[in-house]
Amino acid sequence: TVAFQNKLRALANGDTTGLWPNNLRSYPVAGPVLPFKRIVAFYGNLYSRKMGILGEYPPKEMWERLNTEVKAWEKADPSTPVQPAIHYIAAVAQGIPMKDGQYCKRMPDFMIDSALTIAKMGNAIVFLDIQVALSNVKNEVPRLEKYLKMPDVNLGIDPEFSMHDGNIPGRKIGSMDASDVNFCSEYLAKLVRENNLSPKILIVHRFTQGMLKNYKNIVLHPEVQIVMNMDGWGEPTLKYSTYKRYIQQEPVQFTGFKLFYKNDLRKAPHRMLTPPELMKLKPQPIYIQYQ
Numbered sequence: 005t006v007a008f009q010n011k012l013r014a015l016a017n018g019d020t021t022g023l024w025p026n027n028l029r030s031y032p033v034a035g036p037v038l039p040f041k042r043i044v045a046f047y048g049n050l051y052s053r054k055m056g057i058l059g060e061y062p063p064k065e066m067w068e069r070l071n072t073e074v075k076a077w078e079k080a081d082p083s084t085p086v087q088p089a090i091h092y093i094a095a096v097a098q099g100i101p102m103k104d105g106q107y108c109k110r111m112p113d114f115m116i117d118s119a120l121t122i123a124k125m126g127n128a129i130v131f132l133d134i135q136v137a138l139s140n141v142k143n144e145v146p147r148l149e150k151y152l153k154m155p156d157v158n159l160g161i162d163p164e165f166s167m168h169d170g171n172i173p174g175r176k177i178g179s180m181d182a183s184d185v186n187f188c189s190e191y192l193a194k195l196v197r198e199n200n201l202s203p204k205i206l207i208v209h210r211f212t213q214g215m216l217k218n219y220k221n222i223v224l225h226p227e228v229q230i231v232m233n234m235d236g237w238g239e240p241t242l243k244y245s246t247y248k249r250y251i252q253q254e255p256v257q258f259t260g261f262k263l264f265y266k267n268d269l270r271k272a273p274h275r276m277l278t279p280p281e282l283m284k285l286k287p288q289p290i291y292i293q294y295q
């Protein structure tokens with residue numbers, strides 16, 4: 005518990021807002037990844053070269069690139085070991101309806117199995133990400149239960165593609181409520197208790213105010229570690245501002261930061277932020293995602 009608190013204080017990085025370190029006494033059950041390791045993840049879908057780096061390269065080359073990023077983070081923060089991860093989109097929002105009318109294309113088991121196999125090539129943990137579209141987390145998360153029972157498989161949810169208002173995904177930014185996050189967290193906590201697992205990690209993507217409603221109502225569980233992941237793209241000043249407004253100033257538990265190999269280069273100064281630059285953030289992100 006002392007080591008846990010000390011690590012949270014280190015991640016706060018001298019924050020003076022009074023918001024961080026956050027939840028110093030929300031101790032996890034045995035065997036947590038966070039905050040003792042920093043997760044560095046490649047994101048995408050094996051069906052698409054356009055959804056992220058995970059589907060862009062053959063597994064061997066993908067791993068060479070991921071290991072390069074891992075080494076960069078080990079150099080930027082020698083005090084924190086790096087845990088590589090594969091962040092696979094297991095349910096993809098669509099612009100046209102599926103047979104059930106939900107606009108949510110669920111990946112077949114053999115594709116998820118392929119992602120797990122790729123992860124094992126480099127001792128990575130796995131995140132299965134869900135874009136619920138016109139469905140909802142109560143309908144979609146239990147479909148992945150056989151995977152979420154596995155020790156190294158975790159969950160991600162993407163409010164951008166959660167269309168509570170019935171809009172078609174991609175036409176406007178969606179949203180989730182704290183109750184959606186709480187359902188996922190409670191579901192994972194139950195799996196941890198029933199299967200005697202170490203804590204699960206729940207990633208919640210966010211880059212606007214409206215994407216997550218009632219954040220103060222999110223309930224923490226010892227069995228689940230929640231990461232609010234800043235997943236907006238753009239120039240460095242925009243990304244810093246988004247992180248400050250929606251991640252730092254609305255604390256939940258842990259923080260993450262997404263970097264885009266292509267979209268972050270669109271506008272001047274046409275570059276990605278570096279690990280040393282992100283280490284200056286208050287708080288420091290403990291989950292890093294590359295798309």
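Numbering (our numbering), first residue to last: 5 to 295. Built from N, CA and C at the ideal position, the CB exists for glycine as well.
When C-beta atoms of the stretch 101-120 are compared with those of the stretch 136-147, three or more pairs fall below 8 Å, so the two segments count as touching. Assignment of alpha helix (DSSP H) within the stretch 49-96, counting only whole runs of 4 or more residues, yields 63-80 in chain order.
Listed as beta-bridge partners of residue 42 by DSSP are 86.
Rounded to the nearest angstrom, the gap between the Cα atoms of residue 118 and residue 58 is 12 Å.
Assigned with DSSP and collapsed to three states, residue 122 falls in helix. According to the DSSP assignment, residue 197 belongs to no beta strand (DSSP E) but to the alpha helix (DSSP H) extending over 182-199.
Note on residue 198: under 16 other CB atoms within 10 angstroms of its CB, so exposed under the neighbour-count rule. Counting along the chain, residue 204 sits inside no alpha helix (DSSP H); it lies in the beta strand (DSSP E) bounded by residues 204-210. Closest in C-alpha terms to residue 92, from the list 43, 29, 34 and 50, comes 50. About 12 Å separates the beta carbons of residue 231 and residue 189, which is beyond the 8 Å limit, so they are not a contact pair.
The beta carbon of residue 155 sits closer than 8 Å to those of 201 and 202, all from its chain and outside the five residues before and after it, given in chain order. If only uninterrupted alpha helix (DSSP H) runs of at least 4 residues are considered, those enclosed by the stretch 271-295 are 279-282.
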